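When we follow full-length UniProt numbering, the leftmost residue of the sequence shown carries the number 1, and every step to the right adds one.
Backbone N, C-alpha and C define an ideal beta-carbon position, used for all residues, glycine too.
Computed from a predicted structure; not experimentally measured.
Working notes, structure below.
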Amino acid sequence: MSQRLWSPSQTLLHTSLSSAKTQIQCVGLTKHSKRCRWDVLSSSLPQINALLTSLSSLSPDPDNPSLTQILQKLAPLCLCTDFHQHQARSVVSQWLNTIAEISELSQLSGETVTSSQRLEEERNDLERQLREEKERGERLGEEMKGLKEDLRSEKEEKGKWVERCHEAEGGKERLLILVNRRGKELVKSGREVERLEVLLKELEAKVEIEKIGKDERHEEQVKVVEELRGKLEEQCKVSKQLLERLEEMRDACASSVGEVEALKVQLSTEQQASKQRRQALDEAKKRTTEHLAQTESLNTQLSTLTQENLALRNTASEAGTAHAALSQALEVTQAQLATEQGITAQLRTELNEAQTNRDTLLATLTETQQDLQASLQANADQTTAHNLEVSELQKRINELETELSLPFSKKLKRRVKRLVKRLGESIGVPGETRLVGPVVERGRIEELDL
Numbered sequence: 001m002s003q004r005l006w007s008p009s010q011t012l013l014h015t016s017l018s019s020a021k022t023q024i025q026c027v028g029l030t031k032h033s034k035r036c037r038w039d040v041l042s043s044s045l046p047q048i049n050a051l052l053t054s055l056s057s058l059s060p061d062p063d064n065p066s067l068t069q070i071l072q073k074l075a076p077l078c079l080c081t082d083f084h085q086h087q088a089r090s091v092v093s094q095w096l097n098t099i100a101e102i103s104e105l106s107q108l109s110g111e112t113v114t115s116s117q118r119l120e121e122e123r124n125d126l127e128r129q130l131r132e133e134k135e136r137g138e139r140l141g142e143e144m145k146g147l148k149e150d151l152r153s154e155k156e157e158k159g160k161w162v163e164r165c166h167e168a169e170g171g172k173e174r175l176l177i178l179v180n181r182r183g184k185e186l187v188k189s190g191r192e193v194e195r196l197e198v199l200l201k202e203l204e205a206k207v208e209i210e211k212i213g214k215d216e217r218h219e220e221q222v223k224v225v226e227e228l229r230g231k232l233e234e235q236c237k238v239s240k241q242l243l244e245r246l247e248e249m250r251d252a253c254a255s256s257v258g259e260v261e262a263l264k265v266q267l268s269t270e271q272q273a274s275k276q277r278r279q280a281l282d283e284a285k286k287r288t289t290e291h292l293a294q295t296e297s298l299n300t301q302l303s304t305l306t307q308e309n310l311a312l313r314n315t316a317s318e319a320g321t322a323h324a325a326l327s328q329a330l331e332v333t334q335a336q337l338a339t340e341q342g343i344t345a346q347l348r349t350e351l352n353e354a355q356t357n358r359d360t361l362l363a364t365l366t367e368t369q370q371d372l373q374a375s376l377q378a379n380a381d382q383t384t385a386h387n388l389e390v391s392e393l394q395k396r397i398n399e400l401e402t403e404l405s406l407p408f409s410k411k412l413k414r415r416v417k418r419l420v421k422r423l424g425e426s427i428g429v430p431g432e433t434r435l436v437g438p439v440v441e442r443g444r445i446e447e448l449d450l
């Protein structure tokens, strides 16, 4: 199954692919630049959906001849059969313009996506390196902790060994003191034994001298001698025990001296090992410092790449917004264009009607002007004739007024007025017209308002 690269149903027909399987509205425009409300034939829906599927597998390139051929096949099917089949060519051109805009925006978005993917990969690499550095830092930290614990345990053991050495040295000193003390005691006891032996000999001599005559004293002296012998035996036993203990102490002192020497050797070995471990700890601290510096630089690069990625995402969103705005502007422009086309057609029709009415009015006006000129000429002739008659009548009235004398009554004047009025009506003079002439009455000239 071919991969869908874009959605022609939403882009061209402004409907979803699922809705296009059941119902599609005509894409034609009415004379008021609105989309037709009629639906296309249901028998055309399978063919339309097949063409839409074929379009979705092609890249939105307006220069692709296969895409143009499919659009030319699709346009008549998406127009109602009653009113808008003649708009197929304009619909195809409109679709091609829309696809061209989509192609430009897809190229921009593709470049943006490529750069965003590249930055994302770099960011992932930096994050991976950062994780590795953190893991190495953690391992170094654990090693440092282990080294510190080892160093602390070594220090504790060293302290114990030193304490044991001090204890051994103290024990040695105590043993030496005890041995010296015991030796002194043995010397004292030896001297006491010698003194006792001397006393014993003296007593034996005295006993031998006084044996014969002094039986009672002899018995007492024998008892004393036996007591002295018992004490001497006890002192000998104590001396032997002290000598045995002295030998044991000497052996223990010799063994403790050997242990002290071994402890000194082990202590020097432990000191060298602790020095080596301190050096390793210093190296680990240096490596940790270097890793921290690398981690900070990686964090800086990561923040920079994150900002660039956000900027590219904002650019992509702005491009999408611009695409939506262009699509809306295109739709509005198309609607306005269709509206202007309808208005232009109406204006053309009204202009033709106005031109026809103007020609008719011009002809009527010409005829009216000719009639007016003829009637004006006739009126002018009649007016001239009437003026001549009026002047003659005025002369007659003047003559009559001249002939009038003072004794005439007003009755004659009324008759003259009626006569003048009849004359005016006979010649077509309006009722408000005044005929003024000189009238001689009672010896003065007055204006007569007839």
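- Residue environment analysis places proline 60 among the buried positions, since at least 16 neighbouring C-beta atoms fall within 10 angstroms of its C-beta.
- Taking C-beta atoms as the reference points, arginine 123 and asparagine 314 fail to come closer than 8 Å.
- Distances from the CA of threonine 11 to each of Asn357, Val92, Gln272 were compared; the closest alpha carbon is that of Val92.
- Taking C-beta atoms under 8 Å as the contact rule, lysine 134 and threonine 300 fail to qualify, at a distance of about 15 Å.
- Proximity of the region 357–373 to the region 58–74 falls short of the contact definition, fewer than three beta-carbon pairs being nearer than 8 Å.
- Comparing C-alpha distances from glutamine 307 to each of Leu151, Glu120, Gln94 shows the shortest one belongs to Glu120.
- The continuous alpha helix (DSSP H) containing isoleucine 48 extends over residues 45–57.
- Out of Glu104, Cys78, Val27, the CA that lies nearest to the CA of alanine 50 is found in Cys78.
- By the criterion of a C-beta distance shorter than 6 Å, threonine 98 is surrounded by no residue of its chain, once the five residues flanking it on both sides are discounted.
- In this structure, Trp161 is the residue among Trp161, Glu290, Ser54, Thr356 with its C-alpha nearest to the C-alpha of glutamate 261.
- Contact annotation: leucine 292 and leucine 126 have beta-carbon atoms that are not nearer than 8 Å.
- DSSP places aspartate 82 in the coil class of the three-state scheme, outside both helix and strand.
- Per DSSP, the continuous alpha helix (DSSP H) segment holding isoleucine 70 begins and ends at 65–77.
- Counting along the chain, leucine 12 sits inside the alpha helix (DSSP H) bounded by residues 8–12.
- The C-alpha of glutamine 377 is placed about 31 Å away from the C-alpha of asparagine 398.
- Just measuring C-alpha positions, the residue of Arg287, Glu194, Arg245 sitting nearest glutamate 143 is Arg287.
- Selection Thr53, Gln129, Gly146 evaluated against leucine 298 yields Gln129 as nearest (Cα-Cα).
- Residue pairing from DSSP places arginine 35 in a beta bridge opposite Leu29.
- Note on valine 27: 16 or more other CB atoms within 10 angstroms of its CB, so buried under the neighbour-count rule.
- In the structure shown, isoleucine 24 falls within a coil segment according to DSSP collapsed to helix, strand and coil.
- Nearest to arginine 37 by C-alpha distance, out of Val265, Ser44, Leu29, is Leu29.
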